[in-house]
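Taking it in order: structure first as C-alpha cells, then the write-up.
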Amino acid sequence: MAKIICVLYDDPIAGYPKSYARDDVAQPEHYPDGQTLPTPKGIDFKPGTLLGSVSGELGLRKYLESNGHQLVVTSSKDGADSVLDRELHDAEIVISQPFWPAYMTAERIAKAPKLKMIVTAGIGSDHIDLEAANTRNITVAEVTYSNSNSVAEHVVMMILSQVRNYIPSYNWVVKGGWNIADCVERSYDLEAMSVGTVAAGRIGLRVLRLLKPFDVKLHYTDRHRLPESVEKELNLTHHTSVESLTKVCDVVTLNCPLYPETEHMINETTLKNFKRGAYLINTARGKLCDRDAIVSALESGQLAGYAGDVWFPQPPPADHPWRHMPNHGMTPHISGSSLTAQTRYATGTREILECYFEGRPIRDEYLIVQGGKLAGVGAHSYSEGNATKGSEEAERFKK
Ligand code: NAD
Numbered sequence: 250m251a252k253i254i255c256v257l258y259d260d261p262i263a264g265y266p267k268s269y270a271r272d273d274v275a276q277p278e279h280y281p282d283g284q285t286l287p288t289p290k291g292i293d294f295k296p297g298t299l300l301g302s303v304s305g306e307l308g309l310r311k312y313l314e315s316n317g318h319q320l321v322v323t324s325s326k327d328g329a330d331s332v333l334d335r336e337l338h339d340a341e342i343v344i345s346q347p348f349w350p351a352y353m354t355a356e357r358i359a360k361a362p363k364l365k366m367i368v369t370a371g372i373g374s375d376h377i378d379l380e381a382a383n384t385r386n387i388t389v390a391e392v393t394y395s396n397s398n399s400v401a402e403h404v405v406m407m408i409l410s411q412v413r414n415y416i417p418s419y420n421w422v423v424k425g426g427w428n429i430a431d432c433v434e435r436s437y438d439l440e441a442m443s444v445g446t447v448a449a450g451r452i453g454l455r456v457l458r459l460l461k462p463f464d465v466k467l468h469y470t471d472r473h474r475l476p477e478s479v480e481k482e483l484n485l486t487h488h489t490s491v492e493s494l495t496k497v498c499d500v501v502t503l504n505c506p507l508y509p510e511t512e513h514m515i516n517e518t519t520l521k522n523f524k525r526g527a528y529l530i531n532t533a534r535g536k537l538c539d540r541d542a543i544v545s546a547l548e549s550g551q552l553a554g555y556a557g558d559v560w561f562p563q564p565p566p567a568d569h570p571w572r573h574m575p576n577h578g579m580t581p582h583i584s585g586s587s588l589t590a591q592t593r594y595a596t597g598t599r600e601i602l603e604c605y606f607e608g609r610p611i612r613d614e615y616l617i618v619q620g621g622k623l624a625g626v627g628a629h630s631y632s633e634g635n636a637t638k639g640s641e642e643a644e645r646f647k648k
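In case it helps, the numbering used here puts the sequence shown at residues 250 to 648.
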C-alpha cells in the first residue's frame with residue numbers, strides 16, 4: 250500500500266460546481282506532432298468537470314483506494330504546519346499542479362524518506378528541487394503536451410489584449426464611460442509587428458503557428474534549432490541569442506522552462522536590449538524575470554506592457570508588486586488549467602500512476618528525472634540544478 254499526497258488548489262469560493270457552462274469538452278484526436286493523448290486503462294471522472302481543485306481530486310480516489318492505496322488531498326502546502334509537511338513522513342508519491350505548486354525543496358524531500366515519485370499534473374517541474382530528486386533517485390514525471398496548446402492560446406490572447414489595449418477599454422465600459430480617446434491612445438495593430446519567442450518547443454512553436462495568419466514577422470531563439478522546413482513554412486528568423494531577438498522584436502514571449510541558467514534571464518541589464526515600448530508576455534515561469542526590473546521597466550516606459558499568468562512564488566503575497574504595476578495584464582496561473590486541459594492532465598496523471606504501480610515504463614516524453622539524472626523531456630528541455638530557492642515566501646499569502 251502506498252500513500253499518495255495530492256496538493257490541489259482550493260474549490261471555487263461559491264463551492265464545488267453543481268453545473269457547468271457547457272455540456273461537453275472538445276478534444277483533439279492527437280497532439281500536433283502526432284503524440285497520443287494520455288492512454289490510461291480507465292478514468293473515473295466526467296471529462297469537463299473541475300478536477301484541479303480539492304474536491305475534484307484529479308479524479309483519482311476511486312482508482313487509488315480500490316487498489317489499496319491511501320490518498321490525501323489538500324490545498325495546505327506552505328509552511329511547517331501545512332498538511333503537506335505533516336503528511337510527508339511516510340508518503341511514496343506527491344502530486345501537484347504548477348498553478349498551486351507543492352514546492353518540493355531539498356528540506357522537504359529530506360523529510361520524506363519513502364518518497365519515490367513526484368508527479369506534475371501539468372507541465373513544468375521547476376517547483377521540485379531536481380538536484381535533490383536526482384540525488385535521492387526519485388522519479389519526476391509530468392504530463393507533457395497536456396496543456397501546451399492551452400497556454401499558446403492564452404499567449405495569443407495576452408498579446409492581442411496588450412497591443413490593442415483591451416483591458417483598460419473594457420474597464421471604461423464597466424465604469425459607464427465612452428472614453429474612446431482614453432482607450433485608443435495606447436492601442437496599436439499587431440499586423441506587421443515583429444513577434445519573437447524565447448523557446449520554440451511545444452508552446453513556443455504553437456504560438457508561432459497561431460500568429461502566422463496575423464501577418465507578423467516571426468522570430469525565435471531556442472537551444473535546439475527547428476527543422477529548416479518549419480523555418481521556411483513560417484518564414485521564421487532564427488536568433489542565436491535572446492539579446493539579438495529582443496533588439497528587433499515589438500512583442501517578446503517567453504516559453505522556456507525555469508532552471509538555474511534561465512532564472513532571471515530578463516533583468517535590468519537585459520531589458521535595456523529591448524526596443525522601447527516592447528510588450529513582454531510571460532506564461533512560462535515568473536522567475537524567468539527579475540520581479541523589480543519588470544516593475545521599473547513598466548514605470549519608465551521601456552516596456553509598454555507586461556502580461557502573463559506566472560508568478561514567484563505561487564500564490565504571490567497580497568503585496569506582490571506585479572498586482573499593481575502599470576500597464577499589466579496579469580491573471581492568476583490559469584492558462585494551463587482550462588477544463589479542457591484538466592481532462593488531459595488528470596488522464597495523464599492516471600496513466601503515470603498505472604505505469605508506476607504495474608511496473609510498466611512511464612512514457613519517455615513524460616520523464617523529467619529518472620535513475621538519478623535528467624531523462625526524457627527533462628534531458629531535452631532542462632539543465633541540471635535547483636530553481637526552488639525563495640519558494641518559502643508563498644507562506645506569506647496566508648498572512
Ligand atoms: P517543451 O519542453 O516542449 O519546450 C521547451 C523548449 O524550451 C525546448 O524547445 C527547449 O529547447 C527550450 N529551451 C530550454 N532552455 C532554453 C533556453 N535557455 N533558451 C531558449 N530555449 C530554451 O515545453 P512546453 O510544453 O513548450 O512548455 C515550456 C514551459 O512553459 C514549461 O517548462 C513550463 O515552465 C511552462 N508552462 C506553463 C504553463 C502555464 O500554465 N502557464 C503550462 C505549461 C507549461
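Here a beta-carbon is modelled for each residue, glycine too, at the ideal position from N, C-alpha and C. Being a predicted model, the structure only gives us computed values, none of them experimental.
Query, Result
"Which residue's Cα is closest to the Cα of R609: P289, G283, D273 and A263?", "P289"
"I think S395 touches G627, with their Cβ atoms under 8 Å apart; what is that distance to the nearest whole Å?", "That pair is no contact at about 16 Å."
"Output yes or no for whether 8 Å exceeds the beta carbon distance between S345 and T369.", "yes"
"What distance in whole Å lies between the Cβ atoms of L623 and A390, which are believed to be in contact at a cut-off of 8 Å?", "Not really, about 12 Å apart at Cβ, beyond 8 Å."
"CB-CB under 6 Å to L503, same chain, minus the five flanking residues each way: which ones, in chain order?", "V447, N531, A533 and L537"
"Just checking L507 against the ligand NAD - is the residue's beta carbon closer than 7 Å to any of the ligand's heavy atoms?", "yes"
"With DSSP as the reference, please indicate the residues paired to Y258 in a beta bridge.", "S302"
"Check whether the Cβ of N484 sits closer than 7 Å to any heavy atom of the ligand NAD, and report yes or no.", "no"
"On the criterion of 16 or more Cβ atoms from any shown chain inside 10 Å, does T384 qualify as buried, or is it exposed?", "exposed"
"Rounded to whole angstroms, what is the Cα-Cα separation between P566 and T580?", "14 Å"
"With DSSP as the reference, please indicate the residues paired to Q276 in a beta bridge.", "Note: Q276 sits in no beta bridge, so no partner."
"Quick one: is the Cβ of V626 within less than 7 Å of any heavy atom of the ligand NAD?", "yes"
"If I measure Cβ to Cβ from S436 and keep anything under 7 Å in the same chain, skipping five residues before and after, which residues do I get?", "R413 and N414"
"For the 8 Å Cβ check, are there 3 or more pairs between the segment 459-471 and the segment 494-503?", "yes"
"Following the continuous alpha helix (DSSP H) through A542, name the residue where it begins and the one where it ends.", "R540 to S549"
"For the candidate residues E644, V444, M366 and W571, whose alpha-carbon lies nearest to that of V404?", "V444"
"Mind checking who S443 pairs with in its DSSP beta bridge?", "K466"
"Comparing alpha-carbon positions, which option in L257, T388, D272 and R310 lies nearest G625?", "T388"
"Within this structure, are the beta carbons of V303 and I254 separated by less than 8 Å?", "no"
"Apart from the five residues on each side of it in sequence, which residues of its chain come closer than 8 Å, Cβ to Cβ, to E234?", "One cannot answer for residue 234 here, as it falls past the ends of the chain, which runs 250 to 648."
"Does DSSP put T369 in a helix, a strand or coil?", "strand"
"Drop a sphere of 10 angstroms on the beta-carbon of P277, count the other beta-carbons inside from all chains shown, and report buried for 16 or more, exposed for fewer.", "exposed"
"Give the DSSP-derived three-state secondary structure of Q619 in the structure shown.", "strand"
"Under the criterion of a Cβ to heavy atom distance below 7 Å, does N414 qualify as lining the ligand NAD?", "no"
"Under three-state DSSP, which class holds G450?", "coil"
"Is P565 a contact residue of the ligand FAD, with contact defined as CB to any heavy atom under 7 Å?", "Judged by which ligands are present, the ligand FAD is missing from the structure shown, whose ligands are the ligand NAD."
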